[in-house]
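Counting from 294, one number per residue, gives the positions in the sequence shown under the working numbering.
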Amino acid sequence: MSMRPRNAAEVKMSSERMYQIIRYPVVTEKSTLGSQFGQATFVVDLHATKPEIKVAVETLFDRKVRAVNTLRQKGKVKRFRGRLGRRSDFKKAIVTFEDGGDIDVSQGV
């Protein structure tokens, strides 16, 4: 049984895996407000861990990360042409940077 890395120093991954972890940035009113406090929000892979997310963001955006907070959101049940369908589950990561400030989310991803 393989152990998942407990901290960012133990994480070793390829650049391809980094781009698989960080799917796309979340651009909403709430996430834009967080950028004033040195935070950025991303949709990430469902199986990504906090240390993996930290290493991926530090490498792709060349910024030091102070904290990573994650949440898993269940997909909504929606109706389309009288039939029930379901949106996919997803995971969001709110990344706080050491020096504050915001990043250009279109730069790294």
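By construction, the Cβ of each residue, glycine as well, lies at the ideal position given by its N, Cα and C atoms.
{"Asked": "What is the DSSP secondary structure of methionine 294, reduced to helix, strand or coil?", "Found": "The predicted model places methionine 294 with a pLDDT of 44, which falls under 50 and marks its position as unreliable; any figure quoted below should be read in that light. Here methionine 294 sits in coil by DSSP."}
{"Asked": "Return helix, strand or coil for threonine 363, following the three-state DSSP convention.", "Found": "strand"}
{"Asked": "Please report the straight-line C-alpha distance between threonine 321 and alanine 333, rounded to a whole angstrom.", "Found": "11 Å"}
{"Asked": "When the Cα of arginine 316 is compared with those of Gln329, Lys384, Phe373, which residue comes out closest?", "Found": "Lys384"}
{"Asked": "Alanine 386 bridges to which residues according to DSSP?", "Found": "Phe335, Thr363"}
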